[in-house]
Structure formats: C-alpha cells, structure tokens
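To start, the structure under review is shown below, and the notes come after it.
Numbering (my numbering), first residue to last: 1002 to 1741.
Shown next as structure tokens:
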C-alpha cells in the first residue's frame, strides 16, 4: 500500500537545496514522485509501507536539512498548518538585528577611517593597527553568531562533496574575514615593505547583514503566499454549541464527532458538514463556493463547515468532520496543488542543480586571472568574493512555486479548486473545450414536464415507469420518479434490471420486457421509432430530452424532460469565444435537442446521442489533431472523458468524486468560472515567466560584472538579497487580481 505525504523541510535556503533534497530522497527504494516546494518549504512524495520514514529523515538531516515527521500525524483541519515558518522568521530576525547592531559602527568606523575624514580623525585617536583590531573585535561576533548558520550548512555540504547558496556565502564572507584576521594579527605573513594591506572586515559584516535582511524579507513574503491556506483554516470556529443529554453544551471544535447534534444561531459559523434536522435559515456559502447570494436551507438540506448562518436558527446532525468535510478536502487539495511542480519549473531545477559548482569555478578562475594579471592578492580576493556573493539561485527556486501558491490560493477564494500545478499550466494552453449538457450547460435539475401515453392508460404507463426507474441511480431517473405524482400505484417487483450507460435501462416487470431510454436504446433492441417521431415532431423539435418507454417491443409512451439552460451559459460561451477557444457540445440527447441547445448558447460544433465511449473517442480525435482539450462534465458520468482529456473540469459542488476525478473543480457550477479559471492560468503562467526572466537575467548580468571587477561585494550582497524579494513580490501582486 502506498501513502502520499506532504511534510515540512527545514533548512532549505535556495534552489540548489531543492535539487539536493529531491536527489537524496529519490535514492530510497519505495519512495517516488518526490517534489520539493522551496516557497512552502515542504516535500511531497509517495512511499510504500516498507519505507522507514525515520531513516529517510536521518539521511536528510545528515545533509543539513530537517524532515518534520510530526506533520505526518493526524491533525484536525482547524488546527492544520505548520508554525515552523514563523519560528524560522523569528530566528532570522534575531540574527539580523544582532548583525545590524554591530555592522553599523563597523561600517562607519571602517569607511571614515579609509576616507581620512578630518573631523573623524580628530575624535578617533587610534592608529591603523589599533583600528584594525577594533574592527576585528566588532566583526567576530557577527561571524560566529549571526553568520553561524551559513558555515554550519556549508560544512555539512562539504562532508557530502556538495555545495549550495550557503557555501557561496560562507566562502565569500569567510575569505574576507580570514584574510583580514591574518593581516591584523599576523601582518608579517602578508605585509610587503612600505605597504599596509586593506582589511575587509566591513565587507564581511555588511554582506552577512544584507543577506540576512534579504532572507528576512523573503521569509516574510513567502509567509504571505501561504495566506490562502491560513484563510481557509480560519473559516472554522474554535468552539460550537451541541445538544448533549437534552442540554446545550459549548465544546471545542476538536471534540465534535459524527452524529452530534449542533445548534446554530444567527451569525454563527457552521463547524462541520451535516444535515438540518430542525429549523430554517439562509446561509452564506461564498467562502466555499464563491456564490455571493445566501442560500435558503430547511429540514433535509445539507450544510457545509466554514459557511456562515445568516438570520434563522436550526439544528443539524454532523455527517463529516475535519479532513473528511468539504472544507477539509478543499484545504488538502490546495495544499497538494501548492506543493506540486509545474513542468515549466524543470529547466530552473536543472540549472539550479549545477549552478553553485559552476559559480565556484567562475569565482576561482576570476581570482586567478586577477592575481596573475595584477599581482594584487587583495584585489583578486575582492573580485572572487563579489562573484560568489552576486550569484543567487534563490530567485530561480522561488520563481515558479510562489506564483503557483498565489494562483491556487486565488482560485480557492473564487471557488476554483486546482488539483496540481501541472493542471494550471496545461489550462493556459487549452484551445478546445468540450461540454457535457446536463448539469453543465443546463441547470442539472431536470423535471418531467409532460407524459405522452400511446395505446395505454396514462396512470398505467406512469406506474410502469415508477417501478422500473426507482431502481436506477441516473439523475434523469431520479427526476422522473420525483415528478410522478401517483396517489396510489402497485409497488410491483422488478425481476431483472440492466443498465445501458448513455442509453437507458431494461427490466422484466410483471413478466413484460420494459425498455426506458433514448432512441439509441430502442434501435439497439430493434424497435422502430421513426413513425412515433413523425407523429410527435413538434415535441422532438424542442430543446427537451425525450425518453421512450416500450413494453414488449412496442412504444407505449414518451417522457418529456426539461432541464433549463443556466442563466449565465450564453455569456460564458461568448467570453470563451473571445479567448479564441474552439467550443464543442457532446450530449446523449437526440439531434434536434442537441442542435436546439447548441444554437441557443452559440456553439456550432455539436454531437448528439453520445455514449461515454463516444465522448472518449471524440476527445481522442481532437487530441490526435494536436489540440489541447478540456472536458467539462459532472465528474461522475463523464469520468472516462474527464480522465482522457488534457484537463478535466468538474462542474458541481465539490463532491468527493468530482474532486478526485477532475483536474479542476468549479464549486459554484457556473460556466463563467471556466473563463475565470483560464484567466487565472494565464496570469499565473505570465507571472512565472516574468519571475524566471528576472532570475535568469539577474545572474546573466551580475556574474560577469563581478568577474570584471565592476561590482563591489557589498552592492552584490544587496542586489542578491533584493532579487529573491522582487520575485516573491511579483508573485504576490496578483493576490487580489480580478478574474472576470
């Protein structure tokens, strides 16, 4: 048995760390699909039952990272989340403030001494050697306290013959500090007659401080990309009122269990999924579905945890809590999507995997060239440090995941649940959308509006239909049974029952062979319906679904079912057309109905009498033409088509099956949300490309400038820090983007 995990990883500082953690974990037998998200600082993977997670964590720790297995324990949804980002932020803040406190006097003393400012010389009564010793005293705590994190990780990596961003910082600042220390304490080793070499204590101190500042800002920005999960978790109340032994008792949300009776008063948040057993109210479900208008609820209606009760009071029985609830599934889905990788990130990951060793090579080459051509060790060292410090794989590692995290979060707020990053990227390329009809184009609430009886009494026909159809789970069967209002009818036993997907049903009822279904089912059994269609041509010409009923191979009646077109379907189709996307309609209805529906909503490419297999074949036909196909259906009947399409989009209220079977689930069930989802995809991919461009161009320009001696190491440190912050900030720009 295989289990999917999504666990925090502490200690990652750049894209090279991502590549290393993935490489190490992929070596374990039984571990697969490893994907590390630098922005969320989590690793998702699939492992079989034989894998010892403790052993995996130990090996990861040997490389300088910590796999937090505590997250693997069962958690309540309202308490879900990881506080390690806040802990890391506080540690960074502490180290930064300590370094800043010492760096300010270090920088001031060093700069003013070098510039030989008159007023400073009058108050600074120390010679060069004494000044250097003072600078050493100030710098040493910075290197051994604030910069300790860089050296510890660098040493751990060195033991495994690997390197990453901390290695670059450690080598750069360590070289500046060590060189300056030798000049200060053992000048005879490097002094030349008549020359007093410059020390670089301020360079080491300022670089450490600026890099810590950059990481602090980066950490703060990364925490903001997690806000979507925090907001979802925050939807649930901390306590709730339940009925126990006839008394109202307030309990913690963690204590709520299946079958509990919960009392909801006006303004209360609903703590779990359930079914109303007493009372009436209107409920604001906008935070779950994006639907702005409150929805009326009465006895028997289902309620969703996290939604808000408006005016009335009611009681409901709990049917799902925590991870099994709709909100729990949404949180899980968003977390998994944010932890997944988009294909566009592969190039950045490959580059990051070899980036640091290449940069170290360039830095050494730069040092040697400057030393050979100028003979100045000090100058060669400073350019060596500049190359190391300017190189920044952090921006590469953050470019994609931060945009994905923001994009999936924005989607969740709008009732658009995206299964993974790959789906978001593929959606950006979709150029063909195939729609199912029932529940997609139409409201999905079919009703039997008329019955045409042929050579049989109407009540007798309805009795046959009632007894046979109540054995079917098809939505149309359910609609028919609900609509038939017979005060009295014989509840006769159905001897045999066979379902024909996409066509109808066959049954043996009172020793009669009964068929109830579409024209294709009748044709399948050799029953001719041409004359019936001609006799009732007006009915077949309407945009209605016609169900034939035959008894012993003779047509005995027609059931006319109406499922109104959604009010926003026409507008949605127009918006999708404006995106230059080709649209198709595929329905099991007859030609007249399909054509009528297609004409009303503005789709010219339509297919009728489609079985589930026919829809699969249709999708394959378009895929063979190299079209990127999205299939829009209800997530249940169209499961094969949803699975084959490049992108499966489930229209519905986020049922278990819909969420599991589709790449994207639209909670509101509105076709306009397809336009929103595609628009969201465009914005996300555009942001990713912008981020990758700036990450690549930054290193492409920065490293040569440093190698040619045109960049001071302190400016390099500032630029490096700001590059990561700029990438995350760019991703955060569209958190409040409008998708209409």
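A virtual CB, placed ideally from N, CA and C, is assigned to each residue, including glycine.
Residue 1457 is not a Cβ neighbour of residue 1471, given a cutoff of 7 Å. About 5 Å separates the beta carbon of residue 1206 from that of residue 1104, a gap short enough to meet the 8 Å contact definition.
If you draw a straight line from the Cα of residue 1592 to the Cα of residue 1577, it is about 24 Å long. Straight-line spacing of the CA atoms in residue 1034 and residue 1648 works out to 20 Å. DSSP places residue 1555 in the strand class (E or B) of the three-state scheme. Look at residue 1514 here: in three-state DSSP terms it is strand.
The DSSP-derived three-state label of residue 1623 is helix.
In the DSSP assignment, the residues bridged to residue 1632 are 1435 and 1649.
Contact between residue 1134 and residue 1185 is confirmed by a C-beta separation of about 6 Å, below the 8 Å threshold. Using a Cβ-Cβ distance cut-off of 8 Å, the segment 1694-1713 and the segment 1431-1450 are not in contact, since fewer than three pairs of beta carbons, one from each stretch, lie closer than that value. Under DSSP, residue 1033 forms a beta bridge with 1047. Our two residues, residue 1642 and residue 1477, have alpha carbons roughly 20 Å apart in a direct line. Beta-bridge analysis with DSSP links residue 1316 to 1264 and 1279.
Taking a C-beta distance under 7 Å as the contact criterion, residue 1257 and residue 1359 do not qualify as a contact pair. When secondary structure is reduced to three states using DSSP, residue 1507 falls in the strand class.
For residue 1606, the uninterrupted beta strand (DSSP E) segment begins and ends at 1606-1608.
Taking the C-beta atoms as reference points, residue 1669 is found nearer than 7 Å to residue 1416. Here the alpha carbons of residue 1265 and residue 1424 stand approximately 38 Å from one another.
Residue 1201 and residue 1380 have their C-alpha atoms roughly 11 Å apart.
As the crow flies, the alpha-carbon of residue 1399 is around 21 Å from that of residue 1155.
Taking a C-beta distance under 7 Å as the contact criterion, residue 1318 and residue 1252 do not qualify as a contact pair.
In this structure residue 1249 is exposed. Its beta-carbon is surrounded by fewer than 16 other beta-carbon atoms within 10 angstroms. Every alpha helix (DSSP H) stretch that sits fully inside the segment 1381-1445 and reaches 4 residues is listed by chain position as 1395-1414 and 1422-1428.
Taken through DSSP and simplified to helix, strand or coil, residue 1010 comes out as strand.
DSSP links residue 1501 through a beta bridge to 1505. Secondary-structure assignment with DSSP links residue 1674 through no beta bridge to anything. DSSP, reduced to helix, strand and coil, places residue 1167 within a helical segment of the structure shown. By the Cβ neighbour-count rule, residue 1634 is buried, with 16 or more other Cβ atoms within 10 Å of its own.
Per the C-alpha coordinates, the member of 1042, 1015, 1032 and 1002 positioned closest to residue 1009 is 1042. According to the DSSP assignment, residue 1575 belongs to the alpha helix (DSSP H) that extends over 1570-1579. In this structure, DSSP gives residue 1528 a state outside helix and strand, which the three-state scheme calls coil. For residue 1102, the three-state secondary structure derived from DSSP is helix.
Pairwise C-beta distances place the segment 1382-1393 out of contact with the segment 1594-1613, as fewer than three of them are shorter than 8 Å. The beta carbon of residue 1646 lies closer than 7 Å to those of 1620, 1630, 1631 and 1632 in the same chain, with the five residues before and after it left out. Taking the Cβ atoms as the reference, residue 1601 lies roughly 7 Å from residue 1544, within the contact range of under 8 Å. Around the C-beta of residue 1124, fewer than 16 other C-beta atoms lie within 10 Å, and the residue is accordingly described as exposed.
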